[in-house]
Amino acid sequence: MSPKSDDESRVVGAERVLVVLHELAQRPDGAGLDELHRAVGGSKPTIHRALGALRRIGFASQDERGRYMLGDEFLRLAFAHHEQRPEQVRIRPVLEMLTERFGETAHYAVLAGREIVYRAKVDPSSGAVKLTSEIGGRNPAHATGVGKLLLSFDLPTDQALRDWVRAGGLPRRTTNTITTCDAFVDELARIRAQGYAVDDQENEDGVACVAVPVWLTSPSRPSGAVSVSAVAYRTPLHTLVDAVDEIRSIIEGVG
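Going letter by letter, the sequence shown gives residues 677 to 931 in my numbering.
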């Protein structure tokens with residue numbers, strides 16, 4: 677086996693640094709060198725060098741206990757990047773209005789393969805129960821209101837939808853998750869006809885939502901979807917469905 681070139685070694689080293697950075701992002705309370713070594717693999721000296729590189733540029737820090745965590749510079753760049761995304765800047769006032777109106781969480785999400793990714797979220801200022809979703813978090817598209825809504829545009833025919841289901845199935849998340857192809861085809865046909873989607877505790881027990889499309893970048897294809905996601909005992913699904921026209925009118929004001 678021939679020795680690695682300098683370029684190849686740099687690539688491998690860069691990948692290790694990114695793996696360590698990713699692992700730190702999963703540990704808000706930080707992690708010691710031994711913990712990171714067990715999680716990431718490789719040699720301890722390699723992990724230590726990766727942490728040193730991250731510390732030098734402010735992407736990692738070390739506390740008095742010797743535990744490593746994400747550094748302030750990384751967080752600053754991440755939040756700055758997120759806030760500068762035009763869609764988040766434009767949609768946030770809408771989410772704030774929806775949250776104030778319903779006293780529940782409002783999301784903006786986009787489709788990413790078989791999942792949805794939350795790009796923006798506003799929680800109510802009061803209320804004992806809040807949702808566990810987070811910006812950048814993912815959920816299966818077939819079990820969420822925003823996901824089903826966006827799939828209804830992305831898969832406009834029954835055959836395309838059946839092929840999509842066949843490729844990855846419809847894993848059950850709760851007892852209400854739609855898990856059969858025929859039922860899912862019927863569900864998306866209903867969504868196309870009514871122009872909105874619901875999640876009746878299909879992704880998470882006790883949480884229901886109504887989702888409507890958002891047209892930020894094209895008049896023919898939604899850039900994403902906005903949902904009002906509610907703790908079901910506090911705001912029943914029928915209350916959100918009855919307010920769909922009001923939700924649409926608020927979203928139409930997005931600049």
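Glycine included, each C-beta is placed from N, C-alpha and C at the ideal position.
List the whole-angstrom C-beta distance separating Val874 from Cys885, where the pair is believed to meet the contact cut-off of C-beta under 8 Å.
Contact check for Val874 and Cys885: beta-carbon distance about 7 Å, within the 8 Å limit, so the pair qualifies.
Judging by CA-CA distance, which residue of Ala690, Glu763, Ala796 is the nearest neighbour of Ile932?
This structure cannot speak to residue 932, because the chain is shown only from 677 to 931.
As assigned by DSSP and simplified to three states, the class of Ile854
Under the three-state reduction of DSSP output, Ile854 falls in the coil class, being neither helix nor strand.
Extent of the continuous alpha helix (DSSP H) to which Leu697 belongs
Boundaries of the alpha helix (DSSP H) harbouring Leu697: 682-701, taken from the DSSP string.
Roughly how many whole angstroms lie between the Cα atoms of Ile767 and Phe755?
Spanning the two alpha carbons is a distance of roughly 16 Å.
What are the complete beta strand (DSSP E) segments, minimum 3 residues, inside the stretch 802-836?
Qualifying beta strand (DSSP E) stretches, in chain order: 814-816.
Which of the three DSSP states, helix, strand or coil, is assigned to Asp896?
For the sequence presented, residue 896 should be read as Ser rather than Asp. DSSP places Ser896 in coil when its eight states are reduced to three.
Ile792, enclosing beta strand (DSSP E) - first and last residue
Looking at the DSSP string, the run of the beta strand (DSSP E) that includes Ile792 is 791-798.
Which same chain residues, not among the five before or five after Arg686, have their C-beta less than 7 Å away from its C-beta?
At Arg686, the pLDDT of 47 sits below 50, so the modelled position is not reliable and the matter cannot be decided from this model.
Could you check the C-alpha separation between Ile792 and Val822 for me, to the nearest Å?
Ile792 and Val822: Cα-Cα distance of roughly 8 Å.
Starting from Thr915, trace the alpha helix (DSSP H) in both directions and tell me its first and last residue.
Element bounds for Thr915: 913-918.
Please go through the same chain and pick out, in chain order, the residues whose beta-carbon is closer than 7 Å to the beta-carbon of Arg692, but skip the five residues on each side of it.
Counting only residues of its own chain and dropping the five nearest sequence neighbours on each side, Arg692 has a CB closer than 7 Å to the CB of Gly718, Thr722, Ala726.
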